[in-house]
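Those letters in the sequence shown? Residues 28 to 635, per the working numbering, in order.
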Amino acid sequence: MCGIVGYTGALEAAPILLDGLKKLEYRGYDSAGIAVLGKDGIEVSKVSGRIENLVEKTEGGRLLPGNAGIGHTRWATHGAPTDVNAHPHVSNDGRFAVVHNGIIENYIDLRDELIKNGYASISETDTEVIVHLIEMYYAGDIKRAVIKASSRLSGSYALGVVCTDAPHSVFVARERSPLILGVGLGENYFASDVTALVSHTRNAIYLDDDEFAELTPDSITVFNCAGQPVEKSVSRIAWDIQAAEKGGYEHFMLKEIVEQPRAVKAAIAPRIKDGEVVLEGAEMSKEYLSGISKIVITACGSAYYAGCAGRFAIEKLCRVPVKTDLASELRYDDPLIDEKTLLIVLSQSGETADTIAALREGQKRGAKTLAIVNVVGSTIAKAADYTLYTYAGPEIAVATTKGYTTQLAVLYLFALYAAKKMGRIDKERYDSLLSSLQAMPRRIQEAVDMNPNIPALAKKYHKSRSVFFMGRNTDYSVALEGALKMKEISYLHAEAYAAGELKHGTIALIEDKQPVVALCCNDRITEKTMSNIVEVKARGAEVLALTYRENKKMVALADDTMFIPLVETLLSAIVEIVPLQLLAYYVAKENGCDIDKPKNLAKSVTVE
Ligand code: M6R
C-alpha cells in the first residue's frame with residue numbers, strides 16, 4: 028500500500044523521484060506526488076491518477092528544479108484519491124513536506140489537538156497530522172522534531188521528510204512499514220522497496236522499526252528514538268535491473284508467468300545437495316519436529332491458497348495434522364496454537380499486515396514460526412524464528428504468479444525435509460518425490476507450451492458474467508487460486524467450489540452456457556469429479572476441463588480442454604495453476620483490463 032522514494036545528491040531530484048515512483052507504482056496507483064527542495068523553498072506537484080499524469084504535469088520533473096526531494100504513489104485508505112489527499116503533505120508554514128506509507132490509527136485525536144493549537148488541515152488523510160506535528164515540535168532541530176512527532180503516532184509508518192532549513196537533507200522514520208536506504212557515491216536514496224533502488228545502487232541499508240535516518244549527499248546517519256547513532260551494515264541487493272523490467276513482454280504478469288520455470292528452479296535447486304533437502308535458515312532437529320503436535324499454515328490471498336495446496340504434501344508425508352488459517356482471521360479466533368505448534372507463515376512481500384499480526388500472535392502463544400517469504404529483509408523474514416526465501420526475484424504484477432508457485436515449491440521441500448527428519452518416509456518414496464520436485468521447472472514449462480489454445484478459449488469465454496471453478500482435494504485447492512486470478516485481473520465473477528458441494532446449493536446458478544472450469548488432475552478421484560461434470564453439463568454448463576492429455580474420458584466429456592503433463596498428484600498444484608494463470612491473463616486482455624494494476628488492488632497490503 029503506497030510507495031515512497033527520496034533522493035539527495037548532485038543530480039536533479041524530480042526525474043529520479045518520478046522514475047522511482049514508476050517502479051513502485053504496483054504498490055498503489057490512484058494518485059501521486061513529489062516535493063523538491065528548490066531555490067525558493069519546497070515545490071510540490073501532485074495529481075490524482077497514474078504516475079504518467081504526474082510526469083506530464085511536471086514535464087518529466089523539469090518544472091521542479093532542485094537536488095533533494097521525496098515522492099509518493101498512493102493506495103487510498105483515508106480520503107478519496109484526489110489531488111488534495113495525494114502526498115506529499117506540507118506544513119502550514121511551508122517549511123516541511125512529508126510522504127507516508129502506512130496508517131496512523133490515532134489521527135482523529137491528533138487532528139483535534141492540532142486544530143486546537145491552530146494548525147489547519149486541508150486533506151481528509153491520516154497522514155497530514157504528521158507534518159503538522161513536526162512543525163509543532165520544531166525548535167531548530169529537525170531530527171528532534173521528527174522523533175517527537177513519531178512518538179505521538181500509533182499505527183504503522185514509513186516516512187520521508189524534507190525541510191527548507193536543511194536543503195540537502197532528507198529524513199526518514201520507520202515503524203512497521205518497509206523502508207530501505209540506497210547508498211550511493213555523492214548521492215543517497217530511500218525507497219519502500221529495492222526495485223526503486225537497483226538502477227542506482229546495489230548497496231542498501233535495511234532500517235528496523237523505531238529507527239530514523241538523515242540522508243545527505245555524502246552521509247547516512249541512522250539514529251534511534253533517543254537521537255543516538257545506530258550502527259547499520261550495508262547489504263548487497265541481489266536482484267538485477269532486468270528482473271524489474273518488462274523485457275519485451277506486454278505485461279509484467281505474462282513475463283512472470285513464463286518466468287516460473289526459472290523461479291521455481293531457483294527456489295528448489297540450491298536446496299538439494301547430494302540427493303537430500305537442505306534447508307539453510309530452517310534447520311530443525313528430529314527431536315523438535317517429532318515433538319510437534321500440529322502445523323498451522325497462515326497467510327492472505329494467494330499465499331493462503333498456496334498454503335491450502337501445500338498442506339496436502341506436508342500432512343500426507345509427515346503424518347502431522349496441518350490446518351490452514353486465514354491470517355486476517357487467526358488472531359480473532361483464540362487459536363489453538365501453543366509451543367507444540369509450528370506456525371508456517373507465507374508471504375511474497377513479507378509486509379502483509381494481517382500476516383505479520385498472525386505471526387506475532389503465534390509467537391505470543393509460544394509457537395515456533397517458519398516464514399516462507401520472497402522479499403529479502405522484509406518484516407516477516409526478520410521476525411520469524413526460521414526463514415526460507417523463495418528466490419522468485421521481484422514480482423511486479425499485482426496478481427501473484429511466480430510468488431505462488433515458489434511458495435509451493437518451498438512448502439514441498441519442507442514437507443520432504445520434515446518427513447525425512449521425522450523418519451516418516453521411506454527412501455524410495457523420498458527419492459521419487461524429490462526427483463519429481465526437481466523436474467517441476469520442466470513440467471511447468473511444458474504446461475506453458477502445451478496450451479497454445481488458451482488465447483482462443485479466452486475469446487470464447489471472456490464475455491461470460493461469471494465463471495465457476497471446481498475440483499476435489501488438491502484440485503480444489505488450485506481451483507481457489509484459479510478463481511482468484513480470474514476475479515482480480517479480469518473482474519469476472521469467479522467462484523471455486525469443491526466439486527461435490529455444487530449440488531448442495533450452487534448448482535441453482537448453473538444455466539445455459541455457464542462456463543465451469545473443471546480441474547481433474549487427481550487420479551484417485553477423477554471418476555467422482557467426472558460425475559459432477561455430467562451434473563452441470565445436464566443443466567447447460569459449458570465445461571472447460573484442466574486435465575492430462577492421457578485422460579481420454581475427460582477429454583471426450585469436456586467442451587474444451589487445457590492440459591498439464593503427467594506429474595505426481597501430491598505435487599501437481601504447482602503445475603496445475605499455470606494454465607489457469609494464462610486463462611485469467613488472456614480473458615483480462617480480451618476485456619481490455621489493466622492487467623498489471625487491477626482496479627482497487629495494491630501489491631503489498633500493509634493495512635489490516
Ligand atoms: O505479499 P503477500 O504474499 O503476503 O500477499 C498476500 C496477498 O495479498 C496476495 O497474495 C494477494 O492475494 C494477491 N493479489 C494475489 O494475486
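Note that CB positions come from ideal geometry on N, CA and C, so glycine has one too. From a predicted model like this one, the values you see are computed outputs, not experimental measurements.
Rounded to whole angstroms, the separation of the alpha carbons of N401 and S177 is 29 Å. For L415, the beta-bridge partners assigned by DSSP are I399. Between A231 and V199 a beta carbon distance of about 13 Å is seen, past the 8 Å cut, so the two are scored as non-contacting.
The distance from the Cβ of V347 to that of R338 is about 11 Å, inconsistent with a contact at the 8 Å cut-off. Counting along the chain, L464 sits inside the alpha helix (DSSP H) bounded by residues 454-465. With contact defined as three or more Cβ pairs closer than 8 Å, the stretch 254-273 and the stretch 436-455 are not in contact.
Judged by their CB atoms, A340 and S374 are not nearer to each other than the 9 Å cut-off. Bounds of the beta strand (DSSP E) holding N128 are 123-131. Counting only residues of its own chain and dropping the five nearest sequence neighbours on each side, A290 has a CB closer than 6 Å to the CB of A419, K429, T433.
For the pair T368 and K395, the CB atoms are nearer than the 9 Å cut-off. A check of alpha carbon separations from K292 across M163, L224, I601, T104 identifies I601 as the nearest. The residue from K170, T228, L598 with its alpha-carbon nearest to that of L460 is L598.
For L507, the Cβ stays outside the 8 Å cut-off from all heavy atoms of the ligand M6R. Annotated as proximal: P625 and E515, with beta-carbon spacing under 9 Å. Annotation for S517 indicates a beta carbon at 8 Å or more from all heavy atoms of the ligand M6R. Here DSSP, grouped into helix, strand and coil, assigns I622 to coil.
C-alpha of F496 to C-alpha of K580: approximately 19 Å in a straight line.
When DSSP states are grouped into helix, strand and coil, V425 belongs to the coil group. Secondary-structure assignment with DSSP links G498 through a beta bridge to A525. Excluding the 5 residues flanking it on each side, A411 has same chain C-beta neighbours closer than 7 Å at V372, L386, T396, L397, A398, in chain order.
Residue side-chain check: K282 keeps its Cβ at 8 Å or more from all non-hydrogen atoms of the ligand M6R. Between the stretch 535-554 and the stretch 562-569 there are three or more C-beta pairs closer than 8 Å, enough to call the two in contact. Excluding the 5 residues flanking it on each side, R171 has no same chain C-beta neighbour closer than 6 Å. Judged by their CB atoms, T85 and H114 are not nearer to each other than the 9 Å cut-off.
Our two residues, G96 and C252, have alpha carbons roughly 23 Å apart in a direct line. By DSSP's assignment, G182 forms a beta bridge with I131. Counting the other CB atoms within 10 Å of its CB gives K66 a total below 16, which places it among the exposed residues. Non-local beta-carbon contacts of P288 in its own chain, meaning distances under 6 Å to residues more than five positions away in sequence, involve P468, I471, Q472 in chain order. Checking the DSSP bridge columns, you'll see L208 partnered with F217, I232. Of the candidates V563, D502, S183, the residue whose Cα lies closest to the Cα of G532 is V563. Distances from the CB of C29 to the heavy atoms of the ligand M6R are all 8 Å or more.
Sixteen is the threshold: since fewer than 16 other Cβ atoms of the shown chains lie within 10 Å of the Cβ of H520, the residue is exposed. Taking a 10 Å sphere around the C-beta of R201, we find 16 or more other C-beta atoms and assign the residue as buried.
In summary, R492 is exposed, with fewer than 16 beta-carbon neighbours lying within 10 Å of its beta-carbon over all protein chains present. In chain order, I232, V249 place their CB closer than 6 Å to the CB of K259, counting only its own chain and leaving out the 5 sequence neighbours on each side.
Here the alpha carbons of L316 and V437 stand approximately 17 Å from one another.
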